[in-house]
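**Student:** Here you go, one structure.
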Amino acid sequence: KGKSLYKIKPRHDSGIKAKISMKT
Amino acid sequence: AGGEGPPEPGEAAGAAGGSRDALSLEEILRLYNQPINEEQAWAVCYQCCGSLRAAGAGRQPRRVRSAAQIRVWRDGQVTLAPAAGDAGEPPASAGKLGYSHCTETEVIESLGIIIYKALDYGLKENEERELSPPLEQLIDHMANTVEADGSNDEGYEAADEGLEDEEDEKRKISAIRSYRDVMKLCAAHLSTESEAPNHYQAVCRALFAETMELHTFLSKIK
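Chains as they are written, first to last, in the working numbering: chain A, 662 to 685; chain B, 8 to 229.
What follows is the structure in structure tokens.
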């Protein structure tokens, strides 16, 4: 409890991380 | 806020060392040194939009510039504090996120970005967290990044594009235009939508309480 469990994948050019990065 | 070094909760609520009533999201991230989990992201979105909505038209909406502005209160409320420098005109170098006065959708956009960053906290540039599709959709729509990928954006809004069962219907997201739209989507994430206010408040209350426990523990170790 309280521990974040999540999967990590390689960043993708069309992924949400890239899209968010373009916004900032 | 935003500095380097060990976390020192106390600045946000102006109660250094004493009992705290609020922690900033930035303090929470730094104390745990890990991202928030998905349920906390849903809860912070819901609670923050609730307080922004309650603040109403009387307040000039402002973009969220950093996690330091998002305050999680002891009772589970989440509010937005003005960014440093927001009292006056935005500095010329403020950039895209720096304008003080903006529309509701722009506040939502900035909130979506900050929530995503809180989910992404500590990850390397070449790494990406795998989010559950509903949360990714929420952030995509909040941050207004749906069109940017060139994919089938219309699918969310069109009612006649093969969304058949109830789950799909529930996930169908039309454009987010208001705090209420965000809250409705967050509520739809739960099995019983009517439980959203109590549930999300409890999640944020627990986030505050657990972070304070950790802070107390770390202070003793120190």
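By construction, the Cβ of each residue, glycine as well, lies at the ideal position given by its N, Cα and C atoms.
Please read these numbers as outputs of a predicted model, since none were measured by experiment.
#1: Where are the beta strand (DSSP E) runs, 3 residues long or more, that stay fully inside the stretch 37-61 of chain B, in chain order?
#2: For residue 133 of chain B, return the contacting residues in chain A, with the cut-off set at a CB-CB distance below 9 Å.
#3: Since I believe residue 135 of chain B is in contact with residue 673 of chain A (beta carbons under 8 Å), could you give me their beta-carbon distance rounded to a whole number of angstroms?
#4: Would you mind giving the Cβ-Cβ distance between residue 147 of chain B and residue 678 of chain A, rounded to the nearest angstrom? I have them listed as a contact below 8 Å.
#5: With the cut-off set at 8 Å, would you say residue 26 of chain B and residue 78 of chain B are in Cβ contact?
#6: What residues of chain A sit near residue 123 of chain B, judged by a beta carbon separation below 9 Å?
#7: Rounding to the nearest angstrom, what Cα-Cα distance links residue 34 of chain B and residue 200 of chain B in this structure?
#8: Any C-beta of chain A sitting closer than 8 Å to the C-beta of residue 150 of chain B?
#9: Spell out the partners DSSP gives residue 671 of chain A in its beta bridges.
#10: Does DSSP put residue 187 of chain B in a helix, in a strand, or in coil?
#11: I need the straight-line Cα distance from residue 669 of chain A to residue 681 of chain A, nearest angstrom please.
#12: Measuring straight from C-alpha to C-alpha, what distance separates residue 184 of chain B and residue 192 of chain B?
#13: Measuring only the C-alpha atoms, how far is residue 72 of chain B from residue 121 of chain B?
#14: Start and end of the alpha helix (DSSP H) containing residue 223 of chain B?
#15: Quick check on residue 685 of chain A: does DSSP put it in helix, strand or coil?
#16: Given this structure, state the Cα-to-Cα distance separating residue 41 of chain B from residue 62 of chain B, to the nearest angstrom.
#17: Using C-beta distances below 8 Å, list every residue in its chain close to residue 56 of chain B, excluding the 5 sequence neighbours before and after it, in chain order.
#18: Measure the C-alpha to C-alpha separation of residue 89 of chain B and residue 67 of chain B and round it to an integer number of angstroms.
#19: Is there at least one Cβ from chain A nearer than 8 Å to residue 160 of chain B's Cβ?
#20: Measure from the C-beta of residue 183 of chain B to each C-beta in chain A and report whether the shortest distance is under 8 Å.
#21: Is DSSP giving residue 197 of chain B helix, strand or coil here?
#22: Listing by chain order, which chain E residues have their CB less than 7 Å from the CB of residue 130 of chain B?
#23: Find out if the Cβ-Cβ distance for the pair residue 81 of chain B, residue 29 of chain B is shorter than 8 Å.
#24: Residue 127 of chain B touches chain A at which residues, Cβ-Cβ below 7 Å?
#25: If you run the structure through DSSP and keep just helix, strand and coil, what is residue 666 of chain A?
#26: Applying a beta-carbon distance threshold of less than 8 Å, which residues of chain A neighbour residue 143 of chain B?
**Tutor:** Concretely, from the data shown:
#1: none
#2: 671 and 672
#3: Confirmed, about 6 Å.
#4: With a beta-carbon spacing of about 11 Å, residue 147 of chain B and residue 678 of chain A fall beyond the 8 Å limit used to define contacts.
#5: Not closer than 8 Å, so no.
#6: 677, 678 and 681
#7: 30 Å
#8: Residue-level contact check: residue 150 of chain B touches chain A, since one or more beta carbons of chain A fall below 8 Å from its beta carbon.
#9: B:134
#10: helix
#11: 17 Å
#12: One Cα belongs to residue 184 of chain B, the other to residue 192 of chain B, and the distance between them is close to 12 Å.
#13: About 8 Å.
#14: 203-228
#15: coil
#16: 31 Å
#17: Closer than 8 Å at the Cβ level, and outside the excluded window around residue 56 of chain B, lie 115, 118, 186, 187, 189, 190 and 193.
#18: 11 Å
#19: Confidence at residue 160 of chain B is low in this model, with a pLDDT of 45, below 50, so the placement of that residue should be treated as unreliable; the coordinate-derived value is given next. False, the Cβ-Cβ gap to chain A never drops below 8 Å.
#20: Not an interface residue.
#21: coil
#22: Annotation note: the requested chain E is absent from the structure, which comprises protein chains A and B.
#23: yes
#24: 678
#25: coil
#26: 677
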